[in-house]
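So the structure is just underneath, and the comments pick up after that.
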Amino acid sequence: MATTTATITLTSSDLLSDSLSLSSTATLYDAGTTTGLTQYDMGKVDIPGDNNIYVLLDSTAAGVDKANRVYVANKNTNDAHYVIILINETVIGRLYAGDWMFIPWSQSDAAANLEVRAPSELNTIEYAFFHEGRTFTGA
Amino acid sequence: MATTTATITLTSSDIADNSISISNTATLTKAGSATGLDQTSGLRRRTLSGTPATTKLIDLDYYQDQVLTENRAAKVYIKNTGTSTAQYVKVSMRTGTSDAAEEIGWLYGGDWMLFPYAAVWQEAAHVNNQDIDIIASNTDSVTLEYMVLYE
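One line per chain: the protein sequences are H and Z, in this order.
Counting from 1, position 50 in the first sequence corresponds to residue 50 in the working numbering; the numbering is continuous, with no gaps.
Counting from 1, position 29 in the second sequence corresponds to residue 29 in the working numbering; the numbering is continuous, with no gaps.
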């Protein structure tokens with residue numbers, strides 16, 4: 001098994017009247033076990049700014065109801081640029097230039113794809129997908 | 001303006017032949033600008049126990065009073081503070097049709113998530129809101145910590 005950890009540090013000295021400093025580390029396990037996730041995919045892609053919905057990660061039978069984790073970062077630098085993150089065409093939120101996200105993705109069914117849509121500008125995103133397996137399609 | 005940063009570090013020395021090390025820091029700003037997000041729910045705790053039932057973790061009716069502007073650059077942080085690797089909390093988002101919700105993922109003990117949040121509010125009846133629902137996988141008590149940062 002592999003040991004993969006994800007740590008978040010959230011800080012601000014002036015959002016509140018007292019400093020905010022939050023840190024948490026998760027070890028990425030297979031669903032319901034203490035066995036570390038052993039598979040991953042990583043990539044960097046340009047999302048066309050044509051307002052179409054594209055599948056970034058395809059939900060497959062092998063991933064349904066598993067402990068998959070997804071990291072996505074928008075590498076654009078223009079503050080006005082963003083990609084919309086969706087699951088099965090349900091909008092989750094807007095990932096603006098410089099932002100990142102990290103979520104568990106349970107792939108509740110075969111339609112629960114992780115999707116992206118860039119309304120007007122090309123956005124370059126990086127992603128990492130840690131998982132228990134995916135179903136391959138035949139040649 | 002406030003300056004709030006979120007840093008992620010993803011590391012593994014043995015998931016592959018070569019180590020993985022991803023680190024990224026985001027400064028949390030308002031939509032389309034370099035001005036920092038300046039509103040927050042603060043860090044909150046919610047404990048679930050007993051027979052699992054769908055529970056509203058983030059109720060947009062409540063936040064509408066504070067003007068959580070929809071379709072902007074809001075962020076949501078949620079952590080399962082438990083230690084069980086068998087129990088999880090399912091996190092879903094209302095989809096705008098009846099009481100249906102789209103499942104995002106399962107947070108096991110120790111897991112956390114940070115994601116952008118469109119927070120679209122349509123009606124007090126909730127059926128078209130992007131409220132965030134949670135449900136525990138069993139009757140054991142489990143506590144979540146969460147925070148919303150918004151405009």
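All residues carry an ideal CB built from backbone N, CA and C; glycine is no exception.
In angstroms, rounded to a whole number, what distance separates the CA positions of residue i and residue j?
i: N138 (chain Z); j: T51 (chain Z); result: 7 Å
i: I132 (chain Z); j: I58 (chain Z); result: 5 Å
i: S106 (chain H); j: I104 (chain Z); result: 6 Å
i: N52 (chain H); j: Y71 (chain H); result: 21 Å
i: E151 (chain Z); j: K75 (chain Z); result: 10 Å
i: L114 (chain Z); j: A139 (chain H); result: 37 Å
i: G32 (chain H); j: Y62 (chain Z); result: 34 Å
Below 8 Å on the Cβ atoms is my contact criterion, and I expect residue i with residue j to pass it. Report the Cβ-Cβ distance as a whole number of Å.
i: T135 (chain H); j: T60 (chain H); result: 4 Å
i: G95 (chain H); j: N74 (chain H); result: With the sequence shown as reference, residue 95 (chain H) is identified as Leu, and Gly is not the correct amino acid for it. At roughly 5 Å, the Cβ-Cβ gap stays under 8 Å, so L95 (chain H) and N74 (chain H) are in contact.
i: K44 (chain H); j: T124 (chain H); result: 7 Å
i: I87 (chain H); j: R117 (chain H); result: Not quite, the Cβ-Cβ distance comes to about 12 Å (not below 8 Å), so this is no contact.
i: Y40 (chain H); j: A128 (chain H); result: 6 Å
i: A2 (chain Z); j: S23 (chain H); result: In fact, because the Cβ distance is near 19 Å, the residues do not count as touching under 8 Å.
Pull up the DSSP beta-bridge partners for residue i, would you.
i: I20 (chain Z); result: Z:S12
i: Q39 (chain H); result: H:H131
i: I58 (chain Z); result: Z:I132
i: V76 (chain Z); result: Z:F115, Z:V148
Closest by CA to residue i, which one among the options?
i: G63 (chain H); options: H:A6, H:G138, H:T5, H:A112; result: H:A112
i: G49 (chain H); options: H:Y127, H:S17, H:P119; result: H:P119
i: T194 (chain Z); options: Z:T4, Z:I20, Z:L37; result: The structure shown has nothing for residue 194 (chain Z), since chain Z only spans 1 to 151.
i: V89 (chain Z); options: Z:R44, Z:G110, Z:G96; result: Z:G110
i: K66 (chain H); options: H:I103, H:E121, H:L122; result: H:I103
Under a Cβ-count criterion, where at least 16 other Cβ atoms within 10 Å of its own Cβ denotes burial, should residue i be classed as buried or exposed?
i: D99 (chain H); result: buried
i: E70 (chain Z); result: buried
i: L16 (chain H); result: exposed
i: Q130 (chain Z); result: buried
i: L28 (chain Z); result: buried
i: G93 (chain H); result: buried
i: S21 (chain H); result: exposed
i: E89 (chain H); result: exposed
So does residue i have its beta carbon nearer than 7 Å to some heavy atom of the ligand PLP?
i: W100 (chain H); result: Absence of the ligand PLP is noted for the structure shown, with no ligands found whatsoever.
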